[in-house]
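Inspection log for the structure reproduced underneath, given as structure tokens.
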Ligand SMILES: *Cc1c(COP(=O)(O)O)cnc(C)c1O
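Numbering (our numbering), first residue to last: 771 to 1060.
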């Protein structure tokens, strides 16, 4: 499906080089996230070594590849990537649209690797999800490259009809005020611990091959065979069955194929997390019976 869409739009898209994911779901038994992420970085290193002089930037979702299936990896990968991008003189773009603003336990996911990208994409959490607004942050060096006397014509002329929409900006300011007034990060860290407790039970489930978590994101890997990690055929649409049943019980989850995930709003409490896990467990049982 998505391949078919990609094909249709291929002539309009930029030519990109894709590097295999460091997704720790595929680590060997006994191998840590850290070890696997480092090992997978070798593929990135080799790709940069080969193509560095023809690429302008590397773009990554730091720590969690969200729409791609809540694929998680260790901060060491980002540390190595920053060092390699510096070595090869390639810009690093961090797409923090989904993971930014406290979702992973730090304001930005990149902080966990103590790195600074050259560009950072922000949206979603920027307005607390209330209004659409996106921003790209960059370094002074990049800013200065476009900043000159008017007649040099180097200005970066790029805008949309609703660029800087005042209502959306006001929602973003209100969100930033909340971050300034309350210790959202600390609260999220403690909520993440509650979440870990609440979802522990899924580790025992015969059809869940992995329960993984990064901050306030938890993903459950629904499989046909827990030991071989053989997935259910996608045609069976187990995820949709889980979604429909959960909705009938008052819970809105949105599985990505066979990956069930929780990415709750920061105001969720322990009792609501329990309810979420209960309903999800029952929804999985329901989806497995037919
Ligand atoms: C939602 C999302 C986008 C799309 O952002 P828009 O501002 O809607 O273009 C891009 N990247 C990630 C990681 C996202 O989660």
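Quick reminder that beta carbons are idealized off the backbone N, C-alpha and C, glycines included.
Nearest neighbour of residue 969, chosen from 892, 1002 and 988 [CA to CA]: 988
Cα-Cα separation between residue 900 and residue 819, rounded to whole angstroms: 42 Å
Contacts around residue 959, its chain only, beta-carbon distance under 7 Å, and the 5 residues preceding and following it disregarded: 875
For residue 785 and residue 942, the rounded distance between their alpha carbons: Cα to Cα, residue 942 sits roughly 33 Å from residue 785.
Beta-carbon proximity list for residue 790, same chain, < 8 Å, skipping 5 on both sides: The answer, listed in chain order, is 810 and 813.
Assigned secondary structure, residue 836 (DSSP; H/G/I helix, E/B strand, else coil): coil
Residue range of the unbroken beta strand (DSSP E) whose run includes residue 908: Run containing residue 908: 905–908, per the beta strand (DSSP E) assignment.
Cβ neighbours of residue 896 in the same chain (closer than 7 Å, five flanking residues each side left out): 871, 903, 905, 942 and 945
Proximity to residue 1006 [Cα-Cα], best of 994, 842, 998 and 999: 994
Distance cut-off 7 Å: residue 867 Cβ against heavy atoms of ligand 1: For residue 867, the CB falls within less than 7 Å of some heavy atom of ligand 1.
Nearest neighbour of residue 1014, chosen from 1049, 991 and 815 [CA to CA]: Nearest in C-alpha terms to residue 1014, of all of 1049, 991 and 815, is 1049.
Collapsed DSSP secondary structure at residue 878 in the structure displayed: coil
Proximity below 8 Å, CB of residue 846 to CB of residue 804: If you check the CB distance, residue 846 and residue 804 come in under 8 Å.
Simplified DSSP assignment, three categories, for residue 817: helix
Contact test: residue 774 Cβ vs ligand 1 heavy atom, cutoff 7 Å: no
Coarse secondary structure for residue 1024, derived from DSSP in three states: coil
Outcome for residue 977 when other beta-carbon atoms lying within 10 angstroms are tallied against a minimum of 16: Classification for residue 977: buried.
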